[in-house]
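A quick write-up on the structure given underneath.
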Amino acid sequence: MTATVTPTRTGRRPGRRGGNHWWIHVVLGVGGFVMAFPFLWQIIMSLSTNAQVQSVTPTFWPGELQWQNYAQVFERLPFLSQLGTSVMVTIIRTLAQIVLCTLAGYAFARMRFRGRAILLAIVLSILLVPSQVYLISQYQIVQGLGWLDTLVGIVAPGLFSAFGTFLMRTAFLNLPPELEEAARMDGANPFQTFWRIMLPLARPSISVLAITTVLWSWNELLWPLVVSTRAEDMPLAAGLATLSSDRTIDYPVLMAASLMAMAPVLIMFVVLQRRVIDGLAASGLK
Amino acid sequence: MTIHTERHPTSDAPARTQRASGPGAPGSRRPTAGTTRPSAHRTDGFWPWLFVLPLLVGVGTFYIWPIIQTFWYSFTTWGVFGGATFSGIANYVRLVSDPQLYQSLLNTVIYTVIVLLGIPVAVWLASLLNTPGLRFAQFYRVLFFLPYVAMPAAIALVWRIMFNGDYGIVNWFIGLFGIDGPYWISTPGFALVAVSLVGLWSSLGFSMIILGAGLKDIPPELYEAAELDGASRWRQFRSVTVPLLSPSIFFVVIVTTISSFQLFDLLYAILGSTNPVIPKTMSLVFYFYSAGFIDNDKGFAAAIAMVIFVLIGIVTLVQFRFQRKWVQA
Chain A
0 MTATVTPTRT GRRPGRRGGN HWWIHVVLGV GGFVMAFPFL WQIIMSLSTN
50 AQVQSVTPTF WPGELQWQNY AQVFERLPFL SQLGTSVMVT IIRTLAQIVL
100 CTLAGYAFAR MRFRGRAILL AIVLSILLVP SQVYLISQYQ IVQGLGWLDT
150 LVGIVAPGLF SAFGTFLMRT AFLNLPPELE EAARMDGANP FQTFWRIMLP
200 LARPSISVLA ITTVLWSWNE LLWPLVVSTR AEDMPLAAGL ATLSSDRTID
250 YPVLMAASLM AMAPVLIMFV VLQRRVIDGL AASGLK
Chain B
0 MTIHTERHPT SDAPARTQRA SGPGAPGSRR PTAGTTRPSA HRTDGFWPWL
50 FVLPLLVGVG TFYIWPIIQT FWYSFTTWGV FGGATFSGIA NYVRLVSDPQ
100 LYQSLLNTVI YTVIVLLGIP VAVWLASLLN TPGLRFAQFY RVLFFLPYVA
150 MPAAIALVWR IMFNGDYGIV NWFIGLFGID GPYWISTPGF ALVAVSLVGL
200 WSSLGFSMII LGAGLKDIPP ELYEAAELDG ASRWRQFRSV TVPLLSPSIF
250 FVVIVTTISS FQLFDLLYAI LGSTNPVIPK TMSLVFYFYS AGFIDNDKGF
300 AAAIAMVIFV LIGIVTLVQF RFQRKWVQA
């Protein structure tokens, strides 16, 4: 109401507080469109014919939607087995990291034992080392165990995480110690204290760990590419990346496959948006 | 991966010190350590070992031992049928005289620089996104963050078609401005630029979120004061936002540089492993991958890995040195 009577200058000013300067929406809208465009374009291409995708003037609307491209994904590519691998790898790694990292993180935060400081320093030193440094030797170990081209081989190194241990240790350090004292007075053993009292309190950090592990595990390329050679054994990321040089698969089918490969993680992101964003921002890693 | 230890130094010497590491740790509600506790020399017996051993065994087997082993491998030569023999610094000698090392180092640096150019844009966009009371802010946040969570190998296939020289939408778009677009994917220089632009696109949202968190810590009174002084929006951005945000900007620069130095997924998936531009366009990690797992020259690849390790270490050190000079925190 007042805005109509106040002179233009002050009428514009409250916009800063109100945050509804139209130009901000123009900038963010155009920016957001550019960010989302590849996904939109992917959806459109996945429903087009190969000829439409390869026409010099872009086909913004395919007319007749080519749903059979999605059916073709399952016929032409080992999509289902790759999806199965991705799902298994991600679930196993996430569960394992939650169990192993909360246990170790708790011990490093709250228990007393000989060599604690040095062991912690050794575990955390891994965070300073780029993954290429251990990749070759990991490969040798997995090969030596006869795990090449197996699910175990893909999963194995990712069961253990220095980052997760660090994350959970910080989480337990930040919990008040009085609760543990009380549990100990009641005669609970250290595991019961951890399990009944501390673990439930650490739930927010556990969800950050779960989200980062799911994302990383689902999207990871280099390791699965190295330890699996047959397309059927690969998780989706490796399977798609190796298709990049394959000229025999039509583009729309590729688009349908890559869209379905990303979908689980994108849906998780859209559903849990704040948690994912805050979790990744807090953890600061991919 | 490297970030945390830097941000949260984990000096942990006195066994029961309750000082949490890292920013945001409450710390205030903690009782003075040691008063209610028995002697610091007492241990919790076997329990802690039950808790840490599973992780320590795994980390030892799959990380610590491999790190030591790779260091050793870098001084060995591998026979055709496996088996490593000690060859001193031969791999390193060969490496420093291999033009491919400098080519991939240069490519990695170019990629990193282009991706870093996105940070000023991210600062600006984050400050717009953080305007108090902005409508649809969460919607925008999701849009900008989407590329960061998308599987690089999958979205790369989309970009590969978008950058196609004949029917790609990128060339169609710049054609609207009368520019004849190049064959991005099959021309060495342009291929790297294309991959870099995708890298920028995928990391922009992450930078914006980190910067957004930093922006929330700037006291709004400063803007009010600036406004009273008649400072324009641009002036406020320059004189309040940027200086006070410099710790976050610095952090984002580190994270982006370190992750850009690890470029592999996008390059591999956009260009394809058999693309003839690969030798001229490959990154350090791609060079490592092709030596170790395509040419099966694992001793040489181990030496490349050591070089990557040292380079990332240097980048981190240089940046931390640099930080003291210009970050006004």
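Protein sequences, first through last, are from chains A and B.
Per numbering that gives the first Met the number 0, residue 0 is the first one in the first sequence, and the count goes up by one each step.
Per numbering that gives the first Met the number 0, residue 0 is the first one in the second sequence, and the count goes up by one each step.
No residue lacks a Cβ here, since even glycine has one placed at the ideal position from N, Cα and C.
Computed from a predicted model, the values in this text were never measured in an experiment.
Reference residue i; option with closest CA among the options
i      : options                           : result
F50/B  : V269/A, A262/A and A106/A         : A106/A
A302/B : L54/B, T60/B, I66/B and G57/B     : I66/B
F299/B : G229/B, P278/B and N90/B          : N90/B
Y250/A : I23/A, H20/A, W22/A and N49/A     : N49/A
I253/B : F319/B, N163/B and Y62/B          : F319/B
V276/B : I63/B, V192/B and G57/B           : V192/B
A280/A : R140/B, Y110/B and G44/B          : R140/B
P223/A : T247/A, T164/A, A155/A and L265/A : A155/A
P47/B  : F59/A, L46/A and R115/A           : R115/A
G30/A  : A136/B, I209/B and D294/B         : A136/B
L123/A : Y182/B, I63/B and A190/B          : I63/B
V239/B : T255/B, P218/B, A83/B and T111/B  : P218/B
S185/B : I168/B, G198/B and G164/B         : G164/B
I168/B : V52/A, H24/A and V88/A            : V52/A
G271/B : A255/A, R273/A, L235/A and R246/A : R246/A
Q97/B  : L283/B, I313/B, V317/B and F321/B : A small correction: the amino acid at residue 97/B is Asp; Gln does not occupy that position in the sequence shown. Of L283/B, I313/B, V317/B and F321/B, the residue nearest in Cα terms is L283/B.
D330/B : G44/B, W200/B, F249/B and R93/B   : Since the first and last residues shown for chain B are 0 and 328, residue 330/B lies out of range.
Beta-carbon neighbours of residue i, restricted to chain B and to distances below 7 Å
i      : result
T164/A : L54
P129/A : Q261, I307, F308 and I311
F73/A  : Simply none; closest approach about 16 Å.
N218/A : M150 and P151
F78/A  : Result: empty, since nearest Cβ-Cβ is about 12 Å, beyond 7 Å.
G31/A  : Y139, L142 and F143
V269/A : V141
For residue j and residue i, the rounded distance between their alpha carbons
i      : j      : result
F138/B : L118/A : 44 Å
I269/B : I196/A : 49 Å
D185/A : M110/A : 18 Å
R331/B : F193/A : Not covered by the structure: residue 331/B. The range shown for chain B is 0 to 328.
R11/A  : G238/A : No answer about R11/A holds up, because its pLDDT of 40 lies below 50 and its placement is not dependable.
Y267/B : F285/B : 8 Å
T228/A : D148/A : 6 Å
L286/A : M259/A : Nothing about residue 286/A can be read from this structure; chain A reaches only from 0 to 285.
F172/B : L310/B : 38 Å
V120/B : S206/B : 10 Å
S202/B : D228/B : 36 Å
P25/B  : S257/A : Unreliable placement is indicated for P25/B, whose pLDDT of 40 sits below 50; the coordinate value is still reported in the next sentence. P25/B and S257/A: Cα-Cα distance of roughly 44 Å.
F162/B : K279/B : 18 Å
E63/A  : S47/A  : 8 Å
T329/B : I307/B : The structure shown does not extend to residue 329/B, since chain B is modelled only from 0 to 328, so the question has no answer here.
T34/B  : S204/A : Per-residue confidence for T34/B stands at a pLDDT of 43, beneath the threshold of 50, marking its modelled position as unreliable; no derived number is given.
I278/A : T76/B  : First, the amino acid is wrong: residue 278/A is Gly here, not Ile. Spanning the two alpha carbons is a distance of roughly 44 Å.
V317/B : V132/A : 21 Å
T101/A : P189/A : 14 Å
One or two residues paired with residue i in a DSSP bridge
i      : result
A209/A : DSSP, once it has assigned bridges, lists no residue as partnering A209/A.
W77/B  : A83/B
Chain-ordered neighbours of residue i on chain A, where CB pairs are closer than 8 Å
i      : result
F189/B : In chain order: nothing, as chain A lies at least about 17 Å away.
Contact list for residue i against chain B, beta-carbon separation under 8 Å
i      : result
Q81/A  : Per Cβ cutoff of 8 Å: no residues; Q81/A is ~11 Å from chain B at best.
M261/A : A149, M150, A153 and I154
Amino acids of chain A, ordered along the chain, whose beta-carbon sits closer than 9 Å to that of residue i
i      : result
I168/B : F36, W40 and P57
G177/B : Correct list: empty, because the minimum Cβ distance to chain A is about 16 Å.
Residue i: contacting residues in chain B (beta-carbon distance under 9 Å)
i     : result
Y69/A : Neighbours of Y69/A on chain B: none; closest Cβ ~15 Å, over 9 Å.
Proximal chain E residues relative to residue i, where beta-carbon distance stays under 7 Å
i      : result
M184/A : Included in the structure are the protein chains A and B, with no chain E among them.
Proximal chain A residues relative to residue i, where beta-carbon distance stays under 7 Å
i      : result
V284/B : Q131
A230/B : Result: empty, since nearest Cβ-Cβ is about 11 Å, beyond 7 Å.
TODO: Check whether the region 34-51 of chain A touches the region 153-166 of chain B, counting contact only when three or more Cβ pairs, one atom from each stretch, lie closer than 8 Å.
DONE: Touching, per the Cβ criterion.
Open item on the list: Closer than 8 Å is the cut-off here; do at least three beta carbon pairs connect the region 207-214 of chain A with the region 94-103 of chain A?
Closed with: yes
Open item on the list: With a threshold of 8 Å, are at least 3 pairs of Cβ atoms found where one atom belongs to the region 260-268 of chain B and the other to the region 166-182 of chain B?
Closed with: no
Task: Three CB pairs or more closer than 8 Å across the region 135-153 of chain A and the region 60-78 of chain B - done: yes
Task: Cβ contact (3+ pairs, closer than 8 Å) linking the region 239-257 of chain B and the region 211-220 of chain A - done: no
- [ ] Take every Cβ of the region 173-185 of chain A, pair it with every Cβ of the region 100-107 of chain B, and state whether three or more of those distances are shorter than 8 Å.
- [x] no
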